[in-house]
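Structure record follows, encoded as structure tokens.
Chains as they are written, first to last, in the working numbering: chain B, 134 to 243; chain A, 38 to 149.
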């Protein structure tokens, strides 16, 4: 079957670095996406890993280890506006089966 | 402007009264999908469509129907809504073979 685990909540200080972990179990795995969702808003795409290793996009980086079925999102130089929910989303089943899970609520404090 | 448009944004209805939530995208995307989001349950996929006339069930398809007669439109149909379908619904689209999904603003549905 499929499973997805992320911490439900994380709190971090403005200017710091935070890592949000994701472990997954899915058949026919293609890659791992990350999305951000502010309260009351729609999810927006952040990053995607198809291969093992680190992908960097500005203050955000995402890592994937296919052998460990594990990935993480790294947010650097945290800003108050980064307070949001973050979802890891494995792609499988013909590239378009997307599993989002319950996400991680990040609170950035001054 | 590239966008996914859902209508209505808010809807209150009663049990059993058929309703349709529309979704339209102007990016010529092949792939479209519907999700529902509930507190503590995250985003769950209801149905998705790989192209015109090609649809498939997601994780929670019971009580919903979809159709894809045109590439740009992917309506979600609730033939006989029930209170357990009260939720926040999102439509999304992407280019086939691309991993980036673009989401609509959401439709908040209450079934009384």
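Glycine residues also receive a C-beta, built at the ideal position from the N, C-alpha and C atoms.
Since the model is a prediction, treat every value here as computed from it, not as a measurement.
Query, Result
"Beta carbon proximity, residue 175 of chain B to chain A, threshold 8 Å", "yes"
"Cβ pair residue 115 of chain A, residue 100 of chain A closer than 8 Å", "yes"
"is_contact[residue 236 of chain B, chain A] using C-beta, thresh 8 Å", "yes"
"Beta carbon of residue 168 of chain B nearer than 8 Å to that of residue 178 of chain B", "yes"
"Sequence-distant residues of its chain with Cβ nearer than 7 Å to residue 54 of chain A (five each side left out)", "118"
"Residue 241 of chain B beta carbon less than 8 Å from that of residue 138 of chain B", "no"
"Distance CB(residue 129 of chain A)-CB(residue 122 of chain A) smaller than 8 Å", "no"
"Contact under 8 Å by Cβ, residue 75 of chain A with residue 85 of chain A", "no"
"Beta-carbon spacing of residue 82 of chain A, residue 68 of chain A below 8 Å", "no"
"Of the listed residues A/91, A/51, A/136, A/78, nearest to residue 125 of chain A (C-alpha basis)", "A/78"
"Nearest residue (CA-CA) to residue 106 of chain A, options A/60, A/132, A/127", "A/60"
"For residue 231 of chain B and residue 224 of chain B, the rounded distance between their alpha carbons", "5 Å"
"Interface flag, residue 193 of chain B vs chain A, CB-CB below 8 Å", "no"
"Residues, ordered as in the chain, of the stretch 114-148 of chain A that lie near chain B by beta-carbon distance below 7 Å", "127, 134, 136, 137, 138, 140, 141, 142, 143"
"Buried versus exposed call for residue 174 of chain B [16 or more other C-beta atoms within 10 Å across all chains shown]", "exposed"
"Distance, residue 51 of chain A Cα to residue 113 of chain A Cα", "17 Å"
"Coil, strand or helix - residue 94 of chain A by DSSP", "strand"
"Sequence ranges, beta strand (DSSP E) only - wholly within the stretch 72-137 of chain A, length at least 3", "79-88, 91-94, 113-115, 124-131"
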